[in-house]
Structures are given as structure tokens and as C-alpha cells.
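Numbering follows the numbering used here, with no gaps: position 323 of the sequence shown is 649. We treat Cβ as the ideally placed atom computed from N, Cα and C, and that holds for glycine.
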Amino acid sequence: MTSHNQQLFEASQRIIPGGVNSPVRAFRSVGGTPLFFQRGQGAYVWDADGKRYTDYVGSWGPMIAGHCHPEVVKAVQNAAAQGLGFGAPTAAELEMAELLCKLLPSLGMVRLVSSGTEATMTAIRLARGFTGRSRIIKFEGCYHGHSDGLLVKAGSGALTFGQPSSSGVPAEIAALTTVLDYNDAAGLERAFNGMGKEIAAVIVEPVAGNMNLVTPKPEFLQALRKLCTQYGAVLILDEVMTGFRVSLQGAQGYYGIKPDLVTLGKVMGGGLPAAAFGGRRDIMQCLAPLGAVYQAGTLSGNPVAVAAGLATLKLVQAKGFYENLSRMTKQLTDGLTASAKKHGVQFCAQSVGGMFGLYFSKAVPASYAEVMSCDKEAFNRFFHAMLDAGVYLAPSAFEAGFVSAAHTEADIVATVAAADKIFSTWK
Ligand code: KE4
């Protein structure tokens with residue numbers, strides 16, 4: 327009997343490339359048939375066959391309050407009843423801009439867009455316009471969306487499918503992107519010493535979440551800030567994933583690093599298409615209509631998406647929100663690690679705030695090379711065994727996982743118990 331998931335996937339593949347609207351959803355790296363979800367509620371999602379899963383993907387981070395949180399749904403319904411879009415300013419956009427600037431002091435000014443890709447693409451253009459320079463630095467395994475200059479040794483789906491550098495990107499554009507090793511402060515120093523005055527911007531995930539999860543070394547963050555300041559390059563912290571995920575002040579607040587520009591998305595849209603970029607006023611004032619750097623968007627600041635974001639950002643400001651989220655996430659990673667150890671499985675895990683990484687390796691990876699040495703096949707086996715047990719992890723060994731405020735202690739305990747059963751017969 328062909329499952330409904332399979333029927334939908336077969337039909338989708340006939341008219342949608344790979345049957346999906348974003349490659350990492352296709353289960354290509356883990357194998358098997360991707361799940362088509364029909365419903366989400368709290369910590370759970372239901373697939374097209376009606377099977378329930380405890381969800382640790384959360385739409386890749388946005389669903390930090392859980393699926394269909396009543397206050398978010400109500401805010402969306404109320405906004406939608408007033409109008410789905412105007413292509414003109416609304417008070418809600420001002421409220422969102424003021425809230426972002428209040429929560430993130432590094433935001434002197436901010437502009438709303440509809441995706442993380444738009445945010446990072448524009449931040450790069452802005453840095454180039456502000457400095458008059460062309461070269462950018464990124465780090466292997468980091469993913470910043472799919473604009474041409476950033477699809478060079480990228481992470482996430484690009485890494486999953488072994489095409490970290492996409493075809494279709496002209497060599498002339500890729501040549502302006504220098505790719506260095508994440509956490510390699512010495513390598514960054516050498517690059518700046520060699521071409522510092524050519525560098526418009528360094529863009530970095532302050533916690534790398536697109537080559538599985540890799541946390542930053544203190545000396546790496548310090549080098550980023552020191553060298554960008556010293557050479558007049560713009561430091562762009564890509565907090566599309568870490569913003570409001572690792573703490574209320576994102577990774578910049580968690581680690582105490584002050585960026586020149588920040589990109590945001592995911593949580594700030596609550597699941598709907600809202601993202602943003604912002605930072606120093608002197609840089610942001612180069613943007614049209616004030617300055618000569620052009621950027622635009624039909625759906626930028628869409629009132630329904632902004633309503634979802636505002637409702638979500640209201641929820642995350644509740645007292646103890648991040649303490650609880652971090653505690654639950656750590657209980658998950660500690661429980662999985664203890665179970666693997668008990669059963670002699672080479673596995674480890676770590677968490678930062680409400681995001682986590684799972685690795686089939688002896689030690690937690692601190693670089694792209696160490697991520698690549700983790701046992702990907704073992705991850706794929708674990709992924710499917712957990713899926714069979716009703717636990718939905720990210721369908722790739724090169725992604726981070728996410729816990730929501732809707733996950734209960736019982737959910738975490740049940741997830742660890744499911745893994746323990748799997749590890750108990752692990753060969
Ligand atoms: P979007 O254009 O997908 O909204 O954002 C791109 C982006 C930018 N920066 C960071 C740090 C990101 O993690 C992302 C997108 N993340 C992936 C998941 N690793 C989105 C999932 C997908 O590509 O389907």
C-alpha cells in the first residue's frame with residue numbers, strides 16, 4: 327500500500343524539481359521518502375499519513391513557541407482580516423523595527439525583508455557600497471542563503487548534496503569571495519594582513535548551524551571584531567538562525583560581540599516570511615531612498631508576516647523563556663550522550679540556547695574538517711530509526727536541531743528513551 331506521503335512525493339516530483347521547494351527537504355542525504363506535513367500543534371507535527379512526530383526541526387528554527395501557538399494564530403487572523411498586504415508602510419512595521427532595535431542594541435537602524443537570503447544579500451551589497459570595496463570573506467560550511475557570491479563552499483543543503491559551490495555562479499563573482507576556515511583566527515589574520523584594505527565585509531554565523539552545530543572559539547570572535555575594525559571592513563553577523571534562538575539578544579548578546587551589520591530571520595517571522603537586516607546608522611543610511619545602495623521588496627514588512635513575528639517576539643520576552651528553553655535543550659543532548667555512552671555508541675551532542683548538534687564522532691567538532699570526519703552513515707541510520715519511533719530530526723547530518731517552548735519534560739524524556747532503545751541494539 328503506497329503511503330500518502332509517497333503518493334504526494336511521486337506527484338510532486340513530476341512538476342516540482344526534486345518534489346520539493348527547498349532541496350534539504352528532499353531527504354536526499356538521509357534517503358527515503360520525505361514527509362509531507364499536514365498539521366502542526368505545539369511540539370508535534372502530523373504527516374500526510376496521520377503519523378505524529380515530536381518535531382526538532384520547527385520549520386528550521388522559526389517555531390520557537392511551538393506550532394500554532396494560539397497567540398500567534400490569533401495575531402495572524404486579526405492582521406489578515408485587516409488586509410493581506412498594501413505595498414505601503416504600516417504601523418506594525420514601525421512596531422517591529424522599534425522592537426528589534428530595543429532587543430538588539432547593535433541595530434541603529436533596520437529594514438525588513440522577506441527571507442534570510444534577501445537580508446544577507448543586501449547586507450553584502452550595503453557593505454560594498456559603504457566601503458567602496460568588493461571582496462568578501464565567508465567561512466567554509468557556513469550558509470547564508472542562496473545569493474550568488476555566498477554560494478561558495480556553502481553549508482546546509484549545498485553541503486548536504488556535495489555541491490558547496492553552486493553551478494550557475496559566474497567565476498568572476500565567486501572570485502570575489504574568499505573562503506576561510508571557521509574558528510581559524512590565525513588564518514583570518516593572515517588573510518587580513520595580505521588583503522585587508524580590499525575587504526568590504528566578513529560574514530559569519532556566530533554559531534555555525536549549517537554544517538551541523540559548531541560553536542565559535544573566543545579567540546575567533548575576538549579576531550573577527552579586531553581585524554574588521556583595524557582594516558575598516560564591515561563585520562556582518564548572520565543571525566538568521568541564532569537570532570532570538572540562542573538568547574533574547576541572539577549570539578551577539580550571548581558571546582558579547584558587537585557587529586556592524588546583523589541579519590535576522592526565522593524566529594522573527596514566527597514561521598511566516600519576515601526577515602531583516604540592520605546595524606550602524608552610518609552604514610544603513612547608504613540605503614535607498616536615502617543613499618545609493620538599492621534594495622527593494624514587494625512583500626517587505628508584510629503586515630500578516632509581521633504580526634506573526636511580533637506575536638512570537640512577545641512570547642520569547644516572557645520571564646525565564648530562554649532559561650527554560652536552554653535547560654530543556656541541554657537535557658535532550660545530555661540524555662542522548664549518556665545513553666550512547668551507556669551502550670558504547672560513538673556519539674556526542676551539544677547545545678547552545680535552543681539549538682543543538684548531534685554527532686557520530688568521539689568529540690564535538692570545532693571545525694568544518696572535524697564535522698566532515700563525523701560518521702554520516704551512522705547519522706542517517708539514527709535519523710530513520712528515530713523517525714520510525716515518531717521523532718523528527720533534521721534530515722541531514724549537516725543541520726542543527728531546534729527545541730521549542732512547547733516541548734515538555736515528558737517529550738524530552740520520551741525522545742531520549744527512543745534513542746536509548748535504538749542505541750541498545752546499535753552495531
Ligand atoms: P532563507 O533565505 O532560507 O530564509 O535564509 C537563508 C539563511 C541565511 N542564514 C542562515 C544562518 C541560515 O541558516 C539560512 C537558512 N537556513 C536553512 C536551514 N539550515 C534553511 C532551510 C532550507 O534551506 O530549506
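In this structure residue 568 is buried. Its beta-carbon is surrounded by 16 or more other beta-carbon atoms within 10 angstroms. Taking all protein chains shown into account, residue 342 has fewer than 16 neighbouring C-beta atoms within 10 Å of its C-beta and is therefore exposed. In summary, residue 451 is buried, with 16 or more beta-carbon neighbours lying within 10 Å of its beta-carbon over all protein chains present.
Judged by DSSP in its simplified three-state form, residue 362 adopts coil rather than helix or strand. With contacts defined as CB atoms closer than 8 Å, residue 557 and residue 693 fail to qualify as a contacting pair.
In the three-state scheme derived from DSSP, where H, G and I count as helix and E and B as strand, residue 608 is classed as helix.
The Cβ-Cβ distance between residue 475 and residue 605 does not fall below 8 Å.
Within 7 Å of the C-beta of residue 469 there is at least one heavy atom belonging to the ligand KE4. Here residue 461 carries a strand assignment [DSSP, helix/strand/coil]. Residue nearest to residue 700 within the set 667, 589, 685 is 685 (criterion: CA-CA distance). Of the candidates 708, 515, 722, 425, 515 places its Cα closest to the Cα of residue 554.
Taking the C-beta atoms as reference points, residue 674 is found no nearer than 8 Å to residue 665. Taking the Cα of residue 575 as reference, the smallest distance to any Cα among 432, 732, 496 is reached at 432.
When 707, 579, 585, 536 are compared, the shortest CA-CA separation from residue 727 is found for 536. Under the DSSP assignment, residue 422 falls in the alpha helix (DSSP H) whose first and last residues are 417–429.
Not a single heavy atom of the ligand KE4 lies less than 7 Å from the C-beta of residue 630. Between residue 591 and residue 445, the CB-CB gap stays under 8 Å.
For the pair residue 478 and residue 500, the CB atoms are nearer than the 8 Å cut-off. Distance from the CA atom of residue 562 to the CA atom of residue 333, rounded to whole angstroms, is 43 Å. Within the DSSP secondary-structure output, residue 368 pairs in a beta bridge with 393. The closest heavy atom of the ligand KE4 lies less than 7 Å from the beta carbon of residue 442. A contact between stretches requires three or more CB pairs, one per stretch, nearer than 8 Å, and the stretch 365–383 fails this requirement with the stretch 576–590. The bridge partners DSSP lists for residue 506 are 465. Between the ligand KE4 and the CB of residue 566, the shortest heavy atom gap is smaller than 7 Å.
Look at residue 386: its beta carbon is less than 7 Å from one of the heavy atoms in the ligand KE4. Within a 10 Å sphere around the beta-carbon of residue 464 sit 16 or more other beta-carbons, which makes this residue buried.
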